[in-house]
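**Q** My questions will all concern the structure given below.
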Amino acid sequence: MVRVIQKKEIVSKVLFFLLKFNLLLIPFYAIIYFDLSFYPLQVTFANFIATILKLLDHPVRISEFYLFIGRDEFPIDISMDCLGWKSIYSLFALVFATNGKTKDKLRFLIVWIPMLFVINILRVLITLLVGLNFGMQYLEFIHTFFWQEVMIVVLIVIFYIWLKKRKIK
Numbered sequence: 012m013v014r015v016i017q018k019k020e021i022v023s024k025v026l027f028f029l030l031k032f033n034l035l036l037i038p039f040y041a042i043i044y045f046d047l048s049f050y051p052l053q054v055t056f057a058n059f060i061a062t063i064l065k066l067l068d069h070p071v072r073i074s075e076f077y078l079f080i081g082r083d084e085f086p087i088d089i090s091m092d093c094l095g096w097k098s099i100y101s102l103f104a105l106v107f108a109t110n111g112k113t114k115d116k117l118r119f120l121i122v123w124i125p126m127l128f129v130i131n132i133l134r135v136l137i138t139l140l141v142g143l144n145f146g147m148q149y150l151e152f153i154h155t156f157f158w159q160e161v162m163i164v165v166l167i168v169i170f171y172i173w174l175k176k177r178k179i180k
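Under the numbering used here, the residue at position 73 of the sequence shown is numbered 84, and the numbers go up by one with no gaps.
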């Protein structure tokens, strides 16, 4: 009898977490549905990536949030998704869907959101460097398959760190 009650409590907690998580994702889906973008941030990010590529001695030309890389000036669109906002927002939603003090959640996010942003910068740079050094035909695979899976794993690991820190089971 006690085990049944414990299982019901666990199921109840999980369902409440999932409810909060999905409610927190409403703005996420609205941004995607309405195809919202933050143009100045895209331009700034594109300029930052272009600067790093130039420092690494790779030819790059920039026009707004488009990069033209390599000798053939292969076009790269720095879209909203390149900013890593989906990973960052997902981490925010995961952390805020858990129980605990808002202050603790904010402290955790203040550390990990910048780290996630740095990982995202590396994701974009490594993808472009693979294209520049091994051929642009590899860009799509690296971008769509490899990094998508890596970012999911990174997000799960960061969330696991949060759960361990909070001792939530």
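The beta carbon of each residue, even a glycine, is placed where N, CA and C say it ideally should be.
The structure displayed is predicted, hence computed values, not measured ones.
1. Should residue 106 and residue 119 be called a contact, given that it needs their Cβ atoms to be closer than 8 Å?
2. Quick check: the region 77-84 against the region 94-111, are there 3 or more CB pairs under 8 Å?
3. Quick check for students: name the residue ranges of the beta strand (DSSP E) that lie wholly in the region 83-131, counting only runs of 3 or more.
4. Are the Cβ atoms of residue 177 and residue 113 separated by less than 8 Å?
5. Over the uninterrupted alpha helix (DSSP H) stretch that includes residue 56, give me the two end residues.
6. For the candidate residues 175, 52 and 154, whose alpha-carbon lies nearest to that of residue 111?
7. Note down, in chain order, each residue of its chain lying with its Cβ closer than 6 Å to the Cβ of residue 180, except the 5 sequence neighbours on either side.
8. CA-CA distance, residue 88 and residue 18?
9. For the putative contact between residue 61 and residue 73, defined by C-beta atoms under 8 Å, what is the C-beta separation to the nearest angstrom?
10. Out of curiosity, what's the CA-to-CA distance linking residue 65 and residue 90?
11. Across which residues does DSSP place residue 77 in a beta bridge pair?
**A** So, from the data block:
1. Locating residue 106 in the sequence shown gives position 95, where the first residue counts as 1. Locating residue 119 in the sequence shown gives position 108, where the first residue counts as 1. Yes, Cβ-Cβ distance for residue 106 and residue 119 is below 8 Å.
2. no
3. 85-88
4. One-based indexing of the sequence shown puts residue 177 at position 166. One-based indexing of the sequence shown puts residue 113 at position 102. No, the Cβ-Cβ distance between residue 177 and residue 113 is not below 8 Å.
5. Here the question's residue 56 lines up with position 45 in the sequence shown. Here the alpha helix (DSSP H) through residue 56 covers 50-66.
6. Taking the sequence shown and counting its residues from 1, one reaches residue 111 at position 100. Checking every option, the nearest Cα to that of residue 111 belongs to 175.
7. Position 169 of the sequence shown, counting from 1, holds the residue named residue 180. Here residue 180 scores only 45 on pLDDT, less than 50, and its place in the model is too uncertain to base an answer on.
8. The residue you call residue 88 lines up with position 77 of the sequence shown. The residue you call residue 18 lines up with position 7 of the sequence shown. Computed Cα separation, rounded: 49 Å.
9. In the sequence shown, the residue the question calls residue 61 occupies position 50. In the sequence shown, the residue the question calls residue 73 occupies position 62. 5 Å between Cβ atoms; contact.
10. The sequence position of residue 65 within the sequence shown is 54, counting from 1. The sequence position of residue 90 within the sequence shown is 79, counting from 1. Whole-angstrom Cα-Cα distance: 20 Å.
11. Along the sequence shown, one-based indexing puts residue 77 at 66. Looking at the DSSP assignment, residue 77 forms a beta bridge with 74 and 88.
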